[in-house]
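Notes follow once the structure below has been shown.
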Amino acid sequence: KNQQALNIAADLTQTEINIEKSRILGGELEISIRPADGFRFNVGAGFLDSKIQKGIVSGVSITGNRLPNAPETSLTAGVDWDVFAGDAGRLTASVNGSLTGRQYFDLFNVDRLSQRSYGLVNGQLTFRSRNDRFGVELWGKNLFDKYYFRYSIDLQTFGLDYFRLGAPRTFGVSLDAKF
Numbered sequence: 005k006n007q008q009a010l011n012i013a014a015d016l017t018q019t020e021i022n023i024e025k026s027r028i029l030g031g032e033l034e035i036s037i038r039p040a041d042g043f044r045f046n047v048g049a050g051f052l053d054s055k056i057q058k059g060i061v062s063g064v065s066i067t068g069n070r071l072p073n074a075p076e077t078s079l080t081a082g083v084d085w086d087v088f089a090g091d092a093g094r095l096t097a098s099v100n101g102s103l104t105g106r107q108y109f110d111l112f113n114v115d116r117l118s119q120r121s122y123g124l125v126n127g128q129l130t131f132r133s134r135n136d137r138f139g140v141e142l143w144g145k146n147l148f149d150k151y152y153f154r155y156s157i158d159l160q161t162f163g164l165d166y167f168r169l170g171a172p173r174t175f176g177v178s179l180d181a182k183f
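Taken in order, the sequence shown gives residues 5 to 183; the numbers are from the working numbering.
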């Protein structure tokens, strides 16, 4: 009841509006399994049902629409394998992925401004010292270079739409020390 939301109009004016009545129902489930020493599997699922039950923006009813940035389904899965464990430390290879369901980026649920379901796959190779004080990680994110949007704004007043792209395939190295 009386949820606050930011409305960005086509002329780029931003107003905080009041959604008279909305509903958000959801749940998550996570399962981790260790079938053998050095192997870990995990899966997760999130389900969300968001609805605007009563609301008007700029004289247009948004009743029945989904709330922005609220995908109905989110799935994750991953596997970790301790490739080597010895006196020097432990080397672990990991792969994980996520699937994000369709989401709208505006209160009007404009189809051309939405992001369809998409999946991302990441991987890392991590070495941790035996005492766990030092670590180095080689990682890659969005390994299949999936093209997706993080946000969009309707700018049809100017004859276009704005889309903020998600991160492309990236690679890196991380070093850490615990004191």
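All residues carry an ideal CB built from backbone N, CA and C; glycine is no exception.
Quiz item: Do Gln8 and Glu24 have their C-beta atoms within less than 7 Å of each other?
Solution: No. Outside cutoff.
Self-check item: Close Cβ partners of Lys146 (< 8 Å) along its chain, the five nearest in sequence each way excluded
Solution: The identity of residue 146 in the sequence shown is Asn, whereas the question assumes Lys. Counting only Cβ-Cβ distances below 8 Å, and skipping sequence neighbours, we find Leu124, Val125, Asn126, Gly170, Ala171, Pro172, Arg173, Thr174.
Practice problem: With Ser178 as the anchor, note down where its beta strand (DSSP E) starts and where it stops. | Solution: Here the beta strand (DSSP E) through Ser178 covers 174 to 181.
Quiz prompt | Residue range of the beta strand (DSSP E) that includes Gln128 | solution = Run containing Gln128: 122 to 133, per the beta strand (DSSP E) assignment.
Quiz item: On the three-state DSSP scale, how would you describe Thr77?
Solution: Residue state for Thr77 is assigned as strand, using DSSP reduced to three classes.
Quiz item: Is Ile56 buried or exposed, if buried means 16 or more other CB atoms sit within 10 Å of its CB?
Solution: In this structure Ile56 is buried. Its beta-carbon is surrounded by 16 or more other beta-carbon atoms within 10 angstroms.
Quiz prompt | Own chain residues within Cβ distance below 6 Å of Leu129, not counting five before or after | solution = The residues are Ala97, Leu142.
Practice problem: Would you tell me roughly how many angstroms separate the C-alpha atoms of Asp11 and Asp110, rounded to the nearest one? | Solution: Correcting the residue type first, residue 11 is Asn in the shown sequence and not Asp. Going by C-alpha positions, Asn11 is about 8 Å away from Asp110.
Quiz prompt | 7 Å Cβ cutoff met for Phe51 and Gly82 | solution = Not closer than 7 Å, so no.
Quiz item: For Val64, does the count of other Cβ atoms within 10 angstroms reach 16, so buried, or fall short, so exposed?
Solution: So Val64 counts as exposed.
Quiz item: Which whole-angstrom value describes the C-beta separation of Phe167 and Phe183, a residue pair presumed to lie in contact below a C-beta threshold of 8 Å?
Solution: Contact check for Phe167 and Phe183: beta-carbon distance about 43 Å, past the 8 Å limit, so the pair fails to qualify.
Self-check item: Assigned secondary structure, Arg94 (DSSP; H/G/I helix, E/B strand, else coil)
Solution: Reduced to three states, the DSSP call for Arg94 is strand.
Quiz item: Is it true that the CB of Thr161 sits closer than 7 Å to the CB of Asp53?
Solution: Going by C-beta atoms, Asp53 is not nearer than 7 Å to Thr161.
Quiz item: Since Leu117 sits in a beta bridge, which residues does DSSP pair it with?
Solution: Leu117 pairs with nothing; no bridge assigned.
Quiz item: How should Val61 be labelled, buried or exposed, when 16 other C-beta atoms within 10 angstroms of its C-beta is the threshold for buried?
Solution: Buried.
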